[in-house]
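The opening residue of the sequence shown carries number 148 in this note's numbering; numbering runs sequentially from there. Backbone N, C-alpha and C fix where the C-beta goes; we use that ideal spot for every residue, glycine too. Bear in mind that the values here come from a model prediction, so they are computed numbers and not experimental data.
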Amino acid sequence: MCGIVGYAGNKEALAVIIDGLKKLEYRGYDSAGVAFLDDGELVVVKSAGSVAALEGAMGERSSEIKTGIGHTRWATHGRPTDENAHPHRSCCGEIALIHNGIIENYRSIRQRMLDQKTHTFSSETDTEVLAHLIEENYEGDLLKAVRRALKEVKGSYGLVAISSREPGRLVCARQDSPLVIGLGKGENLVASDIPAIIAHTRRALVLEDGEFASVTMDKVEVYDHKGLLVEKDELEITWDIEAAEKGGYDHFMLKEIMEQPAAVKETMRQRINASEGRVDLSELEFAADQIKSFEKIYIVACGTAYHAGLLGKTIIERLANLPVEVEVASEFRYREPLLNDKQLVIVISQSGETADTLAALRLAREKGVSVLAITNVVGSSVSREADRILYTWAGPEIAVASTKAYLTQLIALYLIAIYFGEARGTIEKKEMDEIVNGLAALPAKLKSILTEESVSRLRTYCEHLAKWESAFFIGRNLDYPVAMEGALKLKEISYIHAEAYAAGELKHGPLALIVEGIPVIALATQQAVLDKTLSNIQEVIARGGAVFAITQEGFNDVSKQIEAIFYLPPTDDILAPVLSAVPTQLIAYYAATARGSSVDKPRNLAKSVTVE
Ligand code: AGP
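See the structure below:
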């Protein structure tokens with residue numbers, strides 16, 4: 148997720164662009180840059196750091212500059228450095244572009260250009276190949292050059308390009324990354340999100356996938372993928388700035404819950420091949436025999452990331468037949484773990500800055516153990532100190548309560564489990580096929596449970612839950628870590644004291660706390676232990692507990708006994724935790740809003756715990 152702004156009009160372009168980028172910094176803030184035409188010359192100014200840092204680097208510029216593009220980056224490929232910041236420009240220096248998304252086949256395009264010695268590269272980004280491709284295809288019309296260039300590209304993009312040969316013109320293209328066009332009087336804007344345009348206009352066009360646009364100060368032309376002019380419906384923007392930054396949702400947390408289908412899809416992009424039923428993690432550069440040599444994996448993390456690790460344990464042990472121990476980093480780092488070079492340590496951290504997790508990473512490295520990091524922030528401390536990195540591409544997560552980052556951590560662990568299983572010969576091709584295709588189907592299934600209709604049933608239960616000061620989450624097998632994560636979500640944003648228990652443990656004590664009406668959220672998605680889970684649910688109902696069950700469509704035994712049920716679309720049991728997390732996140736969210744909690748910034752908590 149990056150912030151993109153383009154301007155063509157009668158105002159000072161750079162002032163409009165910088166102001167727009169500042170309103171998009173929640174989409175990415177590790178580096179920024181602008182490109183503009185100054186007296187016919189294409190000028191690019193860019194630097195690592197915030198938009199404010201860029202402003203400083205720009206210095207005083209002419210007020211006569213009327214066209215330009217700007218970008219604030221959330222790095223995916225290439226660390227946050229001056230060279231990797233956008234805009235990127237062609238070798239001839241006449242074309243510059245900004246991009247939001249991932250070019251999946253950039254390596255092969257880059258290699259072709261290097262082999263042909265047609266271009267030199269100044270960055271390690273995927274985006275730069277686009278600038279050179281457009282240059283290769285430029286024959287006097289920037290829009291045609293962009294269309295031709297993109298025929299060679301696989302991946303996602305929201306991009307805006309300018310050329311010194313066509314002053315006053317912005318050319319845009321959209322595939323899987325948002326682009327809106329703001330329609331003004333004597334000016335038009337392009338942006339990756341609405342907050343950047345509201346100060347100038349409330350009239351907008353939304354580009355659809357496969358569409359292109361040519362934008363000047365007084366003309367906007369939109370073309371479909373065939374190059375035919377299309378008429379677009381105009382959108383009237385009614386949001387204020389704050390609502391627009393949250394995509395119209397009341398809180399960043401709800402926006403980020405709703406972004407989970409896209410986050411999961413992005414994290415799997417170029418890493419799964421559904422038609423071949425395989426996972427490609429060659430980016431980790433493991434030698435096949437190295438994976439075979441591992442005798443044990445430690446997964447080390449904190450909080451929600453730790454719960455992802457608990458699921459990773461079962462997934463990796465089942466698919467790669469490799470023993471896994473999962474520990475909270477604050478314990479691991481002080482208990483003198485027995486580490487050796489036949490082990491792999493996987494650290495999981497959304498921020499990549501959690502002090503305890505970083506310390507655990509350093510301990511493992513000191514002991515000569517290979518460390519693989521799963522993190523959401525390119526250039527974070529964890530990403531710089533691990534031997535290998537598997538990035539989640541969830542985009543910036545603003546809410547303190549982690550949701551989309553957690554789901555993409557699970558995806559990363561599935562990918563590792565399958566990849567290791569294939570390397571170690573412990574997963575049958577048929578099973579691998581089934582799970583890889585099950586993964587590929589998850590974004591659509593996540594979308595199907597994020598509808599108002601499916602959420603409305605859950606909200607009624609939350610009104611009851613919100614009146615209580617304690618609640619239970621129960622589950623067995625893979626449902627148990629999901630219950631733990633659900634309890635943490637509820638605790639941290641609604642302040643209800645929630646506990647998670649292995650469902651089979653209730654009778655060993657916690658059942659004493661089950662009284663009339665107490666909320667009990669029961670995860671029942673694992674066929675293998677469904678009967679046992681249903682018995683535990685019965686134990687709770689018999690003592691008056693108010694049960695809300697989360698189960699799979701088709702698990703009919705559940706419906707015979709409980710009225711408050713959230714049905715998930717059917718999926719392999721091993722993949723169910725990706726789907727069942729969503730209702731537990733929504734339960735926490737609606738219970739918290741019913742109690743008037745500060746959802747995005749809960750009391751006492753920080754987004755990244757960089758202290759011990
Ligand atoms: C998640 O909802 C919590 N805010 C918290 O537990 C978080 O997961 C934990 O602090 C770890 O953060 P990290 O993933 O950035 O290391």
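Below 8 Å, too few C-beta pairs join the region 228-237 and the region 289-305 to call them touching: fewer than three. Less than 8 Å divides the Cβ of V337 from the Cβ of L317.
At least one heavy atom of the ligand AGP is found less than 7 Å from the C-beta of A452. Per DSSP, reduced to three states, the secondary structure at E483 is coil, with no helix or strand assignment. For the pair Y608 and F695, the Cα-to-Cα distance works out to about 7 Å.
For I444 against I521, the beta-carbon gap comes to about 12 Å, at or over 8 Å, which does not count as contact.
Not a single heavy atom of the ligand AGP lies less than 7 Å from the C-beta of T731. Excluding residues up to 5 positions away in sequence, A669, V694 lie with their Cβ nearer than 6 Å to the Cβ of I684 in the same chain. Judged by their CB atoms, H218 and C149 are nearer to each other than the 8 Å cut-off. D503 carries a helical assignment under DSSP once its states are collapsed to helix, strand and coil. For V293, the shortest separation between its Cβ and any heavy atom of the ligand AGP does not lie below 7 Å. Annotation for T385: no beta strand (DSSP E) segment contains it, and DSSP assigns it neither H nor E. Rounded to whole angstroms, the gap between the alpha carbons of G153 and A320 is 12 Å.
With respect to A351, L306 sits apart: the two C-beta atoms are not nearer than 8 Å.
In this structure, V687 and V667 form a Cβ contact; the two beta carbons are roughly 5 Å apart against a cut-off of 8 Å.
L184 is not a Cβ neighbour of I281, given a cutoff of 8 Å. Distance check between A738 and each of E759, R606, K654, G691 places R606 closest, using alpha-carbon atoms only. Ranked by Cα distance from L491, the options S517, S498, F619, E478 are led by S517.
With contacts defined by Cβ atoms closer than 8 Å, A502 and V758 form a contacting pair. In the DSSP assignment, G150 forms a beta bridge with T219. With a threshold of 16 other beta carbon atoms within 10 Å, K170 meets it and is buried. In the structure shown, F567 falls within a helical segment according to DSSP collapsed to helix, strand and coil.
In the same chain as N252, and ignoring 5 residues on each side of it, the C-beta atoms closer than 6 Å to its own belong to K301, in chain order.
The shortest C-alpha to C-alpha distance from A410 to any of I558, L431, T698, S527 is the one to I558.
Its chain contains A564, F567, G568, R571, T573 as the residues whose beta carbon lies nearer than 6 Å to that of A467, once the 5 sequence neighbours on both sides are disregarded; these appear in chain order. Rounded to the nearest whole angstrom, the C-alpha separation of K551 and P628 is 17 Å.
For a cut-off of 8 Å, the C-beta gap from K489 to S530 is around 25 Å, too long to register as a contact. For L244, the pairing in a beta bridge is given by DSSP as H235, A308. For R509, the secondary structure class from DSSP, reduced to helix, strand or coil, is helix. For the pair A343 and G175, the CB atoms are not nearer than the 8 Å cut-off. Boundaries of the alpha helix (DSSP H) harbouring Y608: 599-612, taken from the DSSP string. Contact check for P730 against F702 fails: the beta carbons are separated by 8 Å or more. A direct Cα-to-Cα measurement between P325 and S682 gives close to 47 Å. At a cut-off of 7 Å, the beta-carbon of T504 counts as near the ligand AGP: some heavy atom of the ligand is closer than that. Closer than 7 Å to some heavy atom of the ligand AGP: that does not describe the Cβ of L457. For the pair E500 and S755, the CB atoms are nearer than the 8 Å cut-off.
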